[in-house]
Structure formats: structure tokens, C-alpha cells
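Novice: Under my numbering, the first residue of the sequence shown is numbered 1069, with each subsequent residue one higher. Below are the C-alpha cells for one structure; questions will follow.
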Amino acid sequence: PIGTEWQADSRSGQLHSDMDLGDGSIKYILSGDGAGTTFTIDDSTGDIHAIKRLDREVKAQYLLQAQAWNRQTDRPLEPKSEFIVKIQDINDNEPKFLDGPYQACIPEMSTIGTEVIRLTATDADDPTYGNSARVVYSILQGQPYFSVEPKTGVVRVSLAGMDREVREIYSIIIQAKDMGGQLGGLAGTTVVNITLSDVNDNPPVFDQKLYQMSVLESAPVGSVVGRIRAKDRDIGINAEMRYSIIDGDGRDTFDISTDPTNLFGIITIKKPLNFESKASYTLKIEGANTHLDHRFLDKGPFSHVTIVHVSVEDIDEPPEFSSAAYYIEVSEEAEIGTVFKTVSARDPDSSNNSIRYSIEMTTDLGKYFYIDITSGALMTVLALDREELSWHNITVLAMEMSNPSMIGSVSVAVKILDVNDNPPSLTQYFEAFVCESAKAGQLIQTVTAIDPDDPLGGQHFYYSLAPEAANNPNFTLRDNQDNTAWILTRRGGWSQQDQSVYYLPILISDRELPVQTSTSTLTIRVCSCDVEGNIMSCNAEAYHLPASLSRGALIAILACIFVMLVMILLMLSLRSHRKKPYLHDEEDNVHENIVRYDDEGGGEEDTEAFDIAAMWNPHEAHLVGKQRQDMLPEIESLSRYVPLACVGWPGSVCVGGDSNVQGYVLSKLLEADLDPCAPPYDSLQTYAYEGEGSVAESLSSLQSGCSNTDHEYDYLNDWGPRFKKLAEMYGVLETNNPPMW
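As C-alpha cells, then:
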């Protein structure tokens, strides 16, 4: 078998076979882990050599196989032999702190021996072989504040009373050395950054013993006056403060609170300020820590006090009314000019300027009220009506004379008190119905009333028939004493033929003083009803179509009516075409005025027996001469009073004015031809003076619209049988008419 020998020289080891006679016939072959790369063998002698640096920390051992071969036959002489090569450790690795540098934090003022951090260094050497991996800790930097335990690596506080406010951060260096700390051992170091955390060991202190602040007197409630701070060397929650006003004459006027950072005290206004009432205030304010550390109470007290002086600055203020708002009650029967309230305002400033009063226009659009500019007296300038407007909300303004921009205002609510000045009336226009078969005492209608007034005790109405209808034989009224009344029949035997409509006057009065009454008329119609009392018809001559009339019959009736209308229109159209003359030439169209008399003519008496001037404007009658009265006024009017003249045409003859109709026409024709501004159309003269010259005045209705009075036509009865028809149409004939109720 092959034997091995390891030597600590360039030959790492040697293989030797029992069959090797030393004659060089045996060849050695090496295989396995690291063969050819880390180890090599001399095939003749069997010497094994390491061909690169060995590191136990990388690979601690190698598994190799060796075999002897015959050089001549190239066959193995024996089986493979397996052996292990172990790497012996030496101290070639220093201790290392794998997680460094380190961060640590301890409270300030920590006691001696307080553990700060535990450190561990790692040595890659074999801990089972010698002292190569035995580590010892020591502190190179950080004394006398901190120390480290040599075996455990625990860093501890070695100095008491370390103050964060003096020094907050410490950097120390810790060393780890192998070989038990002996000389020649390898060492590694790390840095530990130690921060002192804050504790509440310092009381707060104000920078000043007295603070001066100022604020305008017009500043609203809640406004910030200023802020103060009690400084604390501590930080975080240990520096948070709570502020309070513990004394002073302004503790009821001002307030103090802590801002969101809990560091500053915010002084605000608690009540309205007035320079004229008080010009300055003094506040004694305390600032105290909110989080106390009981270990350091002996360093307190953890609060401080300061004085704040607040000065109020004067400004020009608007006038102030004696009341924040006014409520006034005024009767609606108050006379115009009645003073119902006097408002007063004053200048709150020390100057006490004069005040002028007015009413804001937008609050009194109806201009019902007036205010005296100097005294502030409110009075009415229009009649008040509660039913029209029961409340008036006006705004009164007060202005300083010396500074018109300073204006104060106040609301004045005016309630109009009710007076019984409106009569009651029926709730609506009632129209009642009574069946022909109604019996005596039958209820036909319940009436109610309304009153725009609003008495304190509520509405109470009384109903009765008007005096002229109190004893009528047809109807009666029963007051139910609950603001309603019943209309009842007094008899039976009603008939539409006898009388179809009755008018019943109802008298309504209220209870308030002065008592108001009114009369309303209830229309009662006589109707035919069925056996159940349902109304069928209220018209005596009404015609009802049979209920069984079919749709086809209705269409046939409508078609017949349409055909008849078409025939009537066609006949009228034919008649109008038959009457229209056919003209061959427009120049042959001669218009004539034909006057027709239905009675026998009287010759010249027809033209001389009357004055035609009465048919035209009587105010121009003095312009007409004593010529022929049936022609001259018309000629004068049409010719604009231009004298007639002879027309010098060939063959023309001048004729006298009494019969010169043809001359008038020719004269007008010549006048139109010579006038360049005359349009080519006939002139139209309108006479609207009928009846103005008549003693009996006009019977025409042309100007009847100018009078707003009702005409009375009873005198037509006195004019004889010729005016009987007019008397029947417009007058009242003396006949025996049935009663209205």
C-alpha cells in the first residue's frame, strides 16, 4: 500500500508504494479535490507540492486519491488510496466588527454603569487552535465618559451628570484584539456614536420681565394682540408649555392660549374694547411645563411669570345707538305726521361730534316714514294700512357731521296695530240653487264671511237679511252663531216659468268697534231636479238632446250644417258679382251723388226750406256768406275758402257762383294741376260735427265715450208712443214685475 508523509517545506508531502524498488518503473498519479490546481505530484518520486497559497478560512481540508502505475504496462499496480490533507491554522485574521459604525442613545443625566450598547467582534481564525480567535475589548477614545468591558464588549457610562444642553453627541472608538490581547495579536476597531436624549431638567424662563403691546379699540373679539414665549433649554415634549393669566385687571378682557407648536402663548381679545372707557390693561401671565420628570423636581419650579402691558389705541368710531334694535307698535289709524318714536345715537369718541339721522332708502321703498335730521324723531308721512302691510322693517342711519364716512345703523321694526276699518263680506260670490220640488224650511246654502281685519279675540260675524228683504215670502236666513249662516226656503211650489232667478241681499256685521257692516247679494236660481235632488237644468227653455243619439247621427247633422254654410257663401258671392258694373274704360267711370227721397218732392222748397250749414262745423259758420245754403258750405270747405275763378280754357264759359258746380270742379282740377306738391289722389273730407248746433243736442253715440256718468232714460216714457220702443230698450216701464227675492 501507498504511505504518505507531510513535510513543512516545498515538498508538501510524499507518497511511497511498497512495490516501488526505486528503479523508476512505477509512476504515481494524484486525483481528487484540488489535484492539479492546488496540489501537484512528482510521478517518479511521489512528492506532493502546493502550487498556490493555502487559506484555512477559505478551505480547511482537501480529499485526495493516489495510485501507483506500471510505466511499461501502463496498468495500475494497486487500488487507489484515499487520504485527507488538513490545513493548519495560523493567526492571519484580525477581529472585525461586522455592523459598525454603531449608533446608541441614552438619556442625559444617566448614572454610572448605565449600559449604552453591547458590541461583538468576529475573528475568522480557528478558535480551537491556540489563542488566534480569543478577542479582548478596550476603549481607545471616549474616556472618561464611557468604558467597555474587556470580555463582553458592553459599553457603559463611566461619568455621571452628562448634560445634553452642554454636549449632546459623543463618538467613541472601541478596539477588539485577538491572541487574548497579547503583544503580536491582530486588532480591529469600530466607532460608536452616542447621543444623549433630552429629559425635563431645565425650567422655562421668559426673556423679559415686562412686555409692551398695543391694539386698536375697533379690533373684533378673537383678534390676536400678540404672542410671548417662555424659553426652555429642553426640547420636544419637555419644552411644551401651558400659558395662563393668573392676575391683572385685564384677565376678563383678554385670553391666552397655546399655539399648535405648544411653545408660544397667543394673547387674544375676549371682550370688546373701548378706548374711552379704559385705555390700558395689565396682565400677569404664567408659563409652565406640561410634562414633568419627577426625578428632577428638585431643579424646579418648572414655571415662570411675566407681566404684559396692553395699550388700547383710539380710533374714530361710528355713532352708536342707545339700543341694539327698536321694536315699535303704531296704530294703523295714526294720522300723517304722528311722531311715534325718537331714536338717539351718540359719538363714542371723546370729541362727541354732532349726529345727523336718516332712513336708508332701500328699507322704506314706499316712503311711509320720515325722521327728523337732528332729533331722531320718527313720524308717518303716509297713511298706514295694516291689511296692506302689517310690518315695516326700516334701518335708521346716524352720521357724524365732522366725518360723513362714520355711519352707524340700527334696525327699527314697526308693527302696525289693527283697527276695525274693513267691513266683512261673503267669502266668495255665492250662487245657490233651489229645486222646483223644494219644500218649506229646506237648506239650500251655507254662507261664510271674511274680514281683512284681525281682532285680538278673533272674528265674530252676525248675519241677517237686508231690511228690504226681511219679510220676503221666499227665503229666510238663520245665523248659526259660529260665523256661518243657513239660507232656508219659506215655501214650496217653485217654478222656473214663474220666476227663474232670485236675488237675496244679506247683511253682515262684525263685533268690533266701530262696527262695520256690508251687504252682499246671493243669487238663487230655480232649477229642475231629479227625484234624488240632483240638478238637471236651470233654464226653463233648455232643450236636451236624447241621450241615445248616436255618433253617426251627430256626424250627419254636422255635415248638413256644413253644406248649408257653403251654399250660403256661394249665393252671396254670386250676388256681389251680379251687382258689380262692368267698365270698359276707367275714364268713363262717372261717380254721382244720388239723394233719394221716399216722400213726394216739394220743388224749390226742398232746397230753401232748411239750412244745410247745421250739418257741418258750427264754429266755422261765420265764414259762410248768405248764398245758396245747400251747396256753398260744402264748396267752401273743400276749396279751403279759395274764391272761384273762371278757367280760361278754349270754349269755357264763366258761370255765376249760385249755380257754378261745373266751374267749381274745373277750378279744383286746375288747382291740383298747378300745385307741384299735390299727390295724385282724391281728398277726403270728414264731417264729425253732427248735432252740435241742435238745441236737443246729438242722439249719436260717436262721442258718448267722453262721459263717465250713467245715463238715465226714464224720460223716454214721457215722449209719447213713438219712443215706446226706446223706452222698452233703455228705460224702465211701469209694469207689475215679480219681486227680486
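We treat Cβ as the ideally placed atom computed from N, Cα and C, and that holds for glycine. None of the values given here were measured: they were computed from a predicted structure.
1) Pick helix, strand or coil for T1730, following the three-state DSSP scheme.
2) May I have a chain-ordered list of the beta strand (DSSP E) segments no shorter than 3 residues that lie completely inside the region 1097 to 1150?
3) Between which two residues does the beta strand (DSSP E) harbouring M1797 extend?
4) Can you tell me whether Y1783 is helix, strand or coil according to DSSP?
5) Spell out the partners DSSP gives W1459 in its beta bridges.
6) Which parts of the region 1148 to 1216 are runs of the beta strand (DSSP E), unbroken and 3 residues or longer, counting only runs that do not cross its ends?
7) Given a cut-off of 8 Å on the beta-carbon distance, is the pair R1297 and G1333 in contact?
8) Could you please give the first and the last residue of the uninterrupted beta strand (DSSP E) stretch that includes V1225?
9) Pull up the distance between the alpha-carbon of L1132 and that of D1111, whole angstroms please.
10) Going by beta-carbon coordinates alone, are M1281 and V1293 separated by less than 8 Å?
11) Can you name, in chain order, every residue of its own chain whose Cβ lies under 8 Å from the Cβ of V1487, other than the five neighbours on each side?
12) When the Cα atoms are used, what is the spatial distance from I1180 to N1161?
13) Less than 6 Å between C-beta atoms, sequence neighbours within five positions excluded: which residues of the same chain meet that for S1379?
14) Which one of Y1781, R1202 and H1460 has the shortest CA to CA distance from D1194?
15) Closest to H1528 by CA distance: which of V1583, V1502 and A1466 is it?
16) Taking only runs of the beta strand (DSSP E) that begin and end inside the region 1508 to 1556, which ones reach a length of at least 3 residues, in chain order?
17) Determine contact between the region 1308 to 1317 and the region 1351 to 1358, defined as no fewer than three beta-carbon pairs at a distance below 8 Å.
18) Would you decide whether K1219 is buried or exposed? Buried here means 16 or more other CB atoms lie within 10 Å of its CB.
19) Just curious, the beta strand (DSSP E) that P1573 is in, first and last residue?
20) To the nearest angstrom, how far is the alpha carbon of S1705 from that of Y1732?
21) If you pair each beta-carbon of the region 1588 to 1608 with each one of the region 1501 to 1510, do three or more pairs fall below 8 Å?
22) Could you have a look at I1623 and say whether DSSP puts it in helix, strand or coil?
23) Under the rule that 16 or more other beta-carbon atoms within 10 Å means buried, what is I1185, buried or exposed?
24) Looking only at C-alpha atoms, which of V1373, E1217, M1447 and D1432 sits nearest to Y1438?
25) Note the first and the last residue of the continuous beta strand (DSSP E) segment covering C1503.
26) I need the straight-line Cα distance from L1770 to Y1798, nearest angstrom please.
27) Beta-carbon within less than 7 Å of A1228's beta-carbon, same chain only, minus the 5 sequence neighbours each way: which residues are those?
28) Quick one, which of L1089, D1091, H1084 and G1090 has its alpha-carbon nearest I1097's?
29) How far does the beta strand (DSSP E) with S1470 in it reach, from first residue to last?
30) Grab the span of the beta strand (DSSP E) containing I1305 for me, first residue to last.
31) Considering just the uninterrupted stretch of the beta strand (DSSP E) at V1594, what are its terminal residues?
32) Please report how far the alpha carbon of A1392 lies from the alpha carbon of A1413, in whole angstroms.
33) Taking the continuous beta strand (DSSP E) assigned at D1323, which residues delimit it?
Specialist: Taking the coordinates as given:
1) The sequence shown places Gln at residue 1730, rather than the Thr named in the question. In this structure, Q1730 counts as helix in the three-state DSSP scheme.
2) Runs of the beta strand (DSSP E) lying entirely within the region 1097 to 1150, each at least 3 residues long, are 1107 to 1109, 1115 to 1118 and 1129 to 1138 in chain order.
3) No beta strand (DSSP E) contains M1797, which is instead part of the alpha helix (DSSP H) from K1792 to Y1798.
4) The DSSP-derived three-state label of Y1783 is helix.
5) Secondary-structure assignment with DSSP links W1459 through a beta bridge to K1483.
6) 1149 to 1154, 1170 to 1175, 1183 to 1186, 1204 to 1209 and 1214 to 1216, all fully within the region 1148 to 1216.
7) Result yes, Cβ atoms of R1297 and G1333 sit closer than 8 Å.
8) Counting along the chain, the beta strand (DSSP E) containing V1225 begins and ends at V1222 to V1225.
9) Just so you know, the alpha carbons of L1132 and D1111 end up roughly 15 Å apart.
10) The Cβ atoms of M1281 and V1293 lie closer than 8 Å to each other.
11) Contacts found: S1399, E1400, E1401, R1454 and D1521.
12) Distance between the alpha carbons of I1180 and N1161 is about 35 Å.
13) Same-chain partners within the cutoff: S1282 and S1348.
14) Distances from the alpha-carbon of D1194 to those of Y1781, R1202 and H1460 put R1202 closest.
15) Of V1583, V1502 and A1466, the residue nearest in Cα terms is V1583.
16) Contiguous beta strand (DSSP E) elements confined to the region 1508 to 1556 occur at 1511 to 1518, 1529 to 1533 and 1543 to 1547, taking only those with 3 or more residues.
17) In short, these stretches touch, since the Cβ pair count reaches three.
18) Flag for K1219 reads exposed.
19) From DSSP, the beta strand (DSSP E) with P1573 extends over V1569 to D1578.
20) Its pLDDT being 37, under 50, S1705 is placed unreliably in this model, and the value from its coordinates should be taken loosely. Taken atom to atom, the span from the alpha-carbon of S1705 to that of Y1732 is near 12 Å.
21) Yes, the region 1588 to 1608 touches the region 1501 to 1510.
22) Residue state for I1623 is assigned as helix, using DSSP reduced to three classes.
23) Counting Cβ neighbours within 10 Å, I1185 comes out buried, since at least 16 surround it.
24) It is M1447.
25) Residues E1499 to C1503.
26) Residue placement at L1770 is poorly supported in this model, since its pLDDT is 49, which falls under 50; the coordinates still yield a value, given next. Here the alpha carbon of L1770 sits roughly 18 Å from the alpha carbon of Y1798.
27) T1179 and I1180, listed in sequence order.
28) Nearest option by C-alpha distance: H1084.
29) Segment: none, S1470 is in no beta strand (DSSP E) and carries neither H nor E.
30) DSSP places I1305 in no beta strand (DSSP E); its state is neither H nor E.
31) Residues T1585 to C1597.
32) When rounded, the distance between both Cα atoms is 11 Å.
33) Per DSSP, D1323 belongs to the beta strand (DSSP E) from F1322 to T1326.
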